[in-house]
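Going down the list, the protein sequences come from chains A and B.
If you number the first sequence the way the working numbering does, the last residue is 392 and the count never jumps.
If you number the second sequence the way the working numbering does, the last residue is 906 and the count never jumps.
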Amino acid sequence: MKNLLLILLLINGMLFAQVPSVKHLYQLSDAKTRSISPENFTGEKGKGGMATLEEGSAAKAARKLGQGWKVNPYIHIQPGETFVLGEINDSGIINHIWMTPVGDYRFMILRFYWDDEKEPSIEVPVGDFFAAGWGIMNEPVINSATMAVNPRSGFNSYWQMPFRKKCKITMENMSDKKATVYYQINYSLENVGKDTPYFHAQFRRVNKLPFKDVYTIVDGIKGKGQYVGTYLAHGARKSGWWGEGEVKFYMDGDKDFPTICTTGEEDYFLGSYGYNDRKIDGVMHYDSFSSLYSGFYEVKESDIDGFVGIFGQYRWHVLDPIRFDEDLRITVQSLGWGPDGYLPLEDDLASVAYWYQVEPHQPFPELPSKENLIIKKKE
Amino acid sequence: MSKYFILAYLIVFTNISFCHGQNTSLRNLYKPSNSKSRSISPENFTGEKGKGGMAIIDENANSRSRKLGQGWKVSPKINIKAGETFTLAEINESGVINHIWMTPSGDARLMILHFYWDDETEPSVEVPLGDFFAAGWGMMNGPFINSLPIAVNPGSGFNSFWQMPFRKKCKITLENRNSDGAGLYYQIDYSLEEVAADTQYFHAQFRRVNKLPYKEVFTIVDNIKGKGNYVGTYLAHGARQEVWWGEGEIKFYMDGDIEFPTICGTGEEDYFLGSYGYNEKEIDGKLYYTDFSGLYSGFHIIKDKTIDGFIDAIGQYRWHIQDPIHFEKDLKITIQSLAWREETYLPLEDDLASVAYWYQNEPHNPFPELPSNENLIIKKKK
């Protein structure tokens, strides 16, 4: 009987899913809804919009209106400072995050800590986390099941992020200029089922991939979990098609050969035939798309230096999560078309890997240095 | 042992209530279901099994089907006379409305949808037809909306995918407050099935204040009593001045909050999940924005230039699908209307109209009286 109960609980846990459904909305819930923003840093009940003109970030704009009139809607983060966006000492789930940051996104590092862990489960520059890694004024529009980027920089995450005892979210400003963030973190205080794993996201970047090396999206994942998504920014240095490389998933002891092997970079991101590429007057053209489970975009007319093409791609494994029991490593090749077949590229690749797993997770590799994070601008 | 049985029963039961019925979760489609699918339209007013497309040709009328006869689109639409209230559907059973499609002709602000659950005499939904579908400004040139619970397809293809369960009865009416007759094609798709004990009822309430008094806040909804989930907001904003108009904060007062809310937003466009004035740009003294229609939120500028009195007519929606707002006892939601001028907030006297969508246990508190025709109507240029 106890075993049956466990199995049933597991089935319930699986239904706790990312698939958007309006069905659960009519069911009664004992969860308590709370929301953290600069207007209510603790999220406590009945404590929203209390900032006075003496303490508000927008006190000047509100000076004629007073308390309650948008006195503190945003924060500033000074150079070198790490700001605690939210700290919740309870059991619950983050259901939605909205933010609109101003600054150099690559130098604004989001970190999430679950329960008492010292090593963050998420460590990603803010733009990349929302699949918009190419910086301010170079954002795409994304309308997907788990992420939305609305015109200009309305960044939204609907990834469900459960925690049992505590959740701490910080943003570090690594740049030498002040950063500004408006944000809202919507969560529910509720019990979290026994079989629930935690959300993780890891950033990597190799600005110039060594000739014939493969790019590692993530490795060293140890534990049981499910891989749920990839964002890949690709800066192409050579004119011509750049997306032939295969994505490979090495899981549960795979060494030389992976279990899951795809057929090409744009294939993994659910596109086809060079994202409909064609050359017009010597310039490559592609068709951008943003759908529920994957998308591709080209950043055009940007201030970014050093590339002939600047691209973002996302794939969410929402209906097709990749379950692993012990370990996971994911790589992608970077290949173009040459006169004699495939041409290994030395492009700029940056990625975010998203997954759920049981804690503890392996510590992440150190984040690249500022020099290796930065996106160079035209002089 | 019996304790385990009860627990097991509860878990299975929860699972089942997750799995049956129509659902955008593809994971559930392969599961068997005992619910019965039915559909009401002018071709089958009762929704009864095997009773669709039975209308016969009225020999006195100049029917479009006269050369074809019964079964050939004889009764695809209804006409509602001025002042008449038409019963679109009445279902005397337990079930769930899964989808509604309709396309009206007439002034949709003066066509009022009412939904009654079980035996209630006060409607749980009372909203002008266009506003209910997040298209409150009329039907010229869009908007196009491609969201999870609402779709507005080119022309006026209004769709709702909100799930609306009922235990004994469901009655849907449409009141035509126009001075002329109104036409309507419609289809209401539902399933006859058991409704679980923990299931709440769908509610939607409309409000409008055409000229917000200076420094007052607009109330999206208040006086909700009971336990439930708040699931969405549509806000139509008629901006009277050529300034950025979306600085106002939304506030959710719940479960006894009096002076200060529990949930406080950071700006109007922020609540609708946009940013920086919806990518606002000034060109030759005129402000331009970027529309979007996402799964969970959207923003659009109405292209119909016959609307009188505004610099811009704006529609915005936000659905709390993954992030429903649970309340235990009560809920009130307000929004400020603020512009940004010379580094200072400027209180606006704009036209705000809203629909609040939520689920709750019955009985619900009666709604405030709907505005008069004069206060409902959207004025057109002469």
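The beta carbon of each residue, even a glycine, is placed where N, CA and C say it ideally should be.
Everything numeric in this text was worked out from a predicted model, so none of it was measured.
Worksheet item: Is the CB of B:G909 under 7 Å away from at least one CB in chain A?
Response: This structure cannot speak to residue 909 of chain B, because chain B is shown only from 525 to 906.
Discussion item. Given this structure, state the Cα-to-Cα distance separating B:I835 from B:L870, to the nearest angstrom.
Written reply: 16 Å
Worksheet item: Given a threshold of 16 other Cβ atoms within 10 Å of its Cβ, counted over all protein chains shown, does A:E257 qualify as buried or as exposed?
Response: buried
Discussion item. Determine, for A:Q40, whether the minimum Cβ-Cβ distance to residues of chain B falls below 7 Å.
Written reply: yes
Discussion item. Considering Cα atoms alone, identify which of B:N683, B:G772, B:I696 and B:K751 is closest to B:E793.
Written reply: B:G772
Worksheet item: What does DSSP give as the partner residues of A:K207 in its beta bridges?
Response: BP columns for A:K207 are empty, so no partner.
Worksheet item: Does any CB atom of chain B fall closer than 7 Å to the CB of A:V139?
Response: No, A:V139 does not count as interfacial toward chain B.
Worksheet item: With 16 as the cutoff for other CB atoms within 10 Å, does A:Y118 come out buried or exposed?
Response: buried
Worksheet item: Per the contact definition of three or more C-beta pairs closer than 8 Å, is the region 81-100 of chain A in contact with the region 174-184 of chain A?
Response: yes
Item to complete: List the endpoints of the continuous alpha helix (DSSP H) containing B:N700.
Response: It is not in any alpha helix (DSSP H) - B:N700 instead sits in the beta strand (DSSP E) that spans C694 to N700.
Worksheet item: Is any heavy atom of the ligand MG found at a distance shorter than 6 Å from the C-beta of A:P271?
Response: Annotation note on the ligand MG: not contained in the displayed structure, which lists no ligands.
Worksheet item: Any idea what DSSP makes of B:Y632, helix, strand or coil?
Response: One detail in the question is off: residue 632 of chain B reads as Ala in this sequence, not Tyr. B:A632: helix per DSSP, three-state reduction.
Worksheet entry | Spatial distance of B:N622 from A:A72 (CA atoms) | 47 Å
Worksheet item: If the cut is a Cβ gap below 7 Å, which residues of chain A does B:W686 touch?
Response: V35
Worksheet item: Which residue comes first and which comes last in the beta strand (DSSP E) that contains B:V879?
Response: D875 to Q884
Worksheet entry | Below-7 Å beta-carbon distance, A:K268 vs any chain B residue | no
Discussion item. Let me make sure I understand the geometry here. Which of A:L245, A:E279 and A:G253 has the alpha-carbon closest to that of A:E259?
Written reply: A:E279
Discussion item. Using only CA atoms, which one of A:L356, A:L66, A:W127 and A:P86 lies nearest to A:K77?
Written reply: A:L66
Item to complete: Have a look at B:H824 and B:D815 and give me their C-alpha separation to the nearest angstrom.
Response: 5 Å
Item to complete: For A:K251, go through chain B and note every residue whose CB falls closer than 8 Å to its CB, in chain order.
Response: Result: empty, since nearest Cβ-Cβ is about 33 Å, beyond 8 Å.
Worksheet item: Using a C-beta to C-beta distance shorter than 7 Å, which residues of chain B count as neighbours of A:H109?
Response: Q846 and D847
Worksheet item: Taking Cβ positions only, does A:S50 come closer than 7 Å to chain B?
Response: Yes, A:S50 lies at the interface with chain B (some Cβ there is under 7 Å from its Cβ).
Worksheet item: Where DSSP assigns a beta bridge to B:K775, which residues make up the other side?
Response: Assignment of beta-bridge partners to B:K775 by DSSP yields B:C788 and B:T858.
Item to complete: Counting only the same chain and skipping the five closest in sequence on each side, list residues whose C-beta sits under 6 Å from that of B:S561.
Response: S715
Discussion item. List, in chain order, every chain B residue whose beta-carbon is nearer than 8 Å to that of A:M63.
Written reply: F784
Worksheet item: Where do the ends of the beta strand (DSSP E) carrying A:D280 lie?
Response: For A:D280, there is no enclosing beta strand (DSSP E); the residue is found in the alpha helix (DSSP H) stretching over E278 to Y281.
Worksheet item: In this structure, does DSSP put B:S568 in helix, strand or coil?
Response: Going by the sequence as given, residue 568 of chain B is Asn instead of Ser. It is a strand residue.
Discussion item. So for A:V139, helix, strand or coil by DSSP?
Written reply: helix
Discussion item. Suppose contacts are defined by Cβ-Cβ distances below 7 Å. Is A:A366 in contact with A:V231 by that definition?
Written reply: yes
Item to complete: Kindly identify the DSSP beta-bridge partner or partners of A:E199.
Response: In the sequence as presented, Glu is not what sits at residue 199 of chain A; that position holds Asn. Answer is A:S48 and A:H109.
Discussion item. Which same chain residues end up closer than 8 Å to A:I387 when comparing Cβ atoms and leaving out the 5 residues on each side of it in sequence?
Written reply: Here the set comprises D117, R119 and F120.
Discussion item. Quick check: what's the CA-CA separation for B:F610 versus A:I155?
Written reply: 42 Å
Discussion item. Extract the residue ranges of the beta strand (DSSP E) inside the region 334-380 of chain A, only unbroken runs of 3 or more that lie entirely within it.
Written reply: Segments of the beta strand (DSSP E) lying fully in the region 334-380 of chain A: 335-337, 340-345, 348-351, 354-357 and 361-370.
Worksheet item: When you compare only the Cα positions, how much space is there between A:T95 and B:H850?
Response: Distance between the alpha carbons of A:T95 and B:H850: 32 Å.
Worksheet entry | Contacts of B:F657 in chain A (Cβ-Cβ under 8 Å) | The contacting residues do not exist; B:F657 stays about 15 Å from chain A at best.
Worksheet item: So what does DSSP say about B:G545, is it helix, strand or coil?
Response: With a pLDDT of 37 at B:G545, under the threshold of 50, the modelled position of that residue is not reliable, and the figure given next carries that caveat. If DSSP states are grouped into helix, strand and coil, B:G545 belongs with coil.
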